[in-house]
Amino acid sequence: AQSVTQLDSQVPVFEEAPVELRCNYSSSVSVYLFWYVQYPNQGLQLLLKYLSGSTLVESINGFEAEFNKSQTSFHLRKPSVHISDTAEYFCAVSARTSGSRLTFGEGTQLTVNP
Amino acid sequence: GAGVSQSPSNKVTEKGKDVELRCDPISGHTALYWYRQSLGQGLEFLIYFQGNSAPDKSGLPSDRFSAERTGGSVSTLTIQRTQQEDSAVYLCASSLAVNTGELFFGEGSRLTVL
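Listed in order, the protein sequences are those of chains A and B.
Here the first sequence is numbered in our numbering, starting from 352 and rising by one per residue.
Here the second sequence is numbered in our numbering, starting from 78 and rising by one per residue.
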């Protein structure tokens, strides 16, 4: 079985500041890793994913995450946030050997203040 | 349709009543998932369909919960004899490819049990 721990439930930052949302996972098998985002009053949508290859993956809106196998982490970062990045962010993991069942963390609420 | 459609968007019911929640996945998506999102908690996996079969229903919290999928498309999640602890947002997601974890979520059905 897999588990995901998001270390911060709330992260308030000012606009244009850098941000890191932390995610650690536990698994006895190799995994795929994901970040999903839920904007206010919207459904969850995929932000970025790590399946294989380069351990640094990027989204189209400036977020990036790096898969660190030794530390079992997949932290999400952005060098300069915007008000529009305010949302809840979920880290998720699925085992490579099974179907696409995702195990989610409890979420991190990112609030960007002017 | 263009996205995953769920109905009803909001349901208020009395304790002990049965409820049905419907999910219409993206056309052509063979995998369909149900998750539950309770206040202050992460996403809890309920059940997964591949076509019309459910290889993984381990997340259903009790025998009051059941789900079916017909024609490889629409799915219904049924909760019998609802309890107050069933109050949550029930999320449906679908995916095209197995084992990539790229799920497309609906906006959810918010269930309130009085």
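C-beta atoms are modelled at their ideal positions from N, C-alpha and C, and glycine is treated no differently.
Computed from a prediction, not measured in an experiment: that's the story for all the values here.
Local Cβ density within 10 Å of residue i, reported as buried at 16 or more and exposed below that
i	result
A:Phe455	buried
B:Ser159	A quick correction: the sequence has Thr, not Ser, at residue 159 of chain B. Flag for B:Thr159 reads buried.
A:Gly413	exposed
B:Ala93	Reading off the sequence, residue 93 of chain B comes out as Gly, not Ala. Exposed.
B:Leu120	buried
B:Pro85	exposed
A:Gly394	buried
B:Ala165	buried
B:Arg146	buried
Through-space distance from residue j to residue i, alpha-carbon basis
i	j	result
B:Leu154	B:Cys100	8 Å
A:Ser381	A:Ser405	15 Å
B:Gly149	B:Leu116	31 Å
A:Ser431	A:Val370	7 Å
A:Glu457	A:Phe385	14 Å
A:Asn419	B:Glu184	32 Å
B:Gln83	A:Glu409	30 Å
A:Ala438	A:Tyr390	5 Å
Test: residue i CB closer than 9 Å to a CB of chain A
i	result
B:Phe142	no
B:Leu188	no
B:Tyr167	no
B:Val81	yes
B:Glu184	yes
Min CB distance residue i to chain B below 9 Å
i	result
A:Gly457	Reading the sequence as shown, one finds Glu at residue 457 of chain A and not Gly. Answer yes: the Cβ-Cβ gap between A:Glu457 and chain B drops below 9 Å somewhere.
A:Arg452	yes
A:Phe418	no
A:Val362	no
A:Val355	yes
Distance CB(residue i)-CB(residue j) smaller than 9 Å
i	j	result
A:Ser360	A:Gln460	yes
B:Ala170	B:Val81	yes
A:Tyr440	A:Val388	yes
B:Leu137	B:Leu123	yes
B:Trp111	B:Leu168	yes
A:His426	A:Arg373	yes
A:Tyr376	A:Tyr401	no
B:Phe181	A:Leu397	yes
A:Val355	A:Thr462	no
Residues in the stretch 385-407 of chain A having any Cβ partner in chain B nearer than 9 Å
Phe385, Tyr387, Gln389, Asn392, Gln393, Gly394, Leu395, Gln396, Leu397, Lys400 and Leu402
Interfacial residues, the stretch 120-141 of chain B to chain A, with Cβ spacing under 7 Å
Leu120, Phe122, Tyr125, Gln127, Pro132 and Asp133
What are the residues in the stretch 98-118 of chain B lying within 7 Å of chain A by C-beta distance?
Ala108 and Gln118
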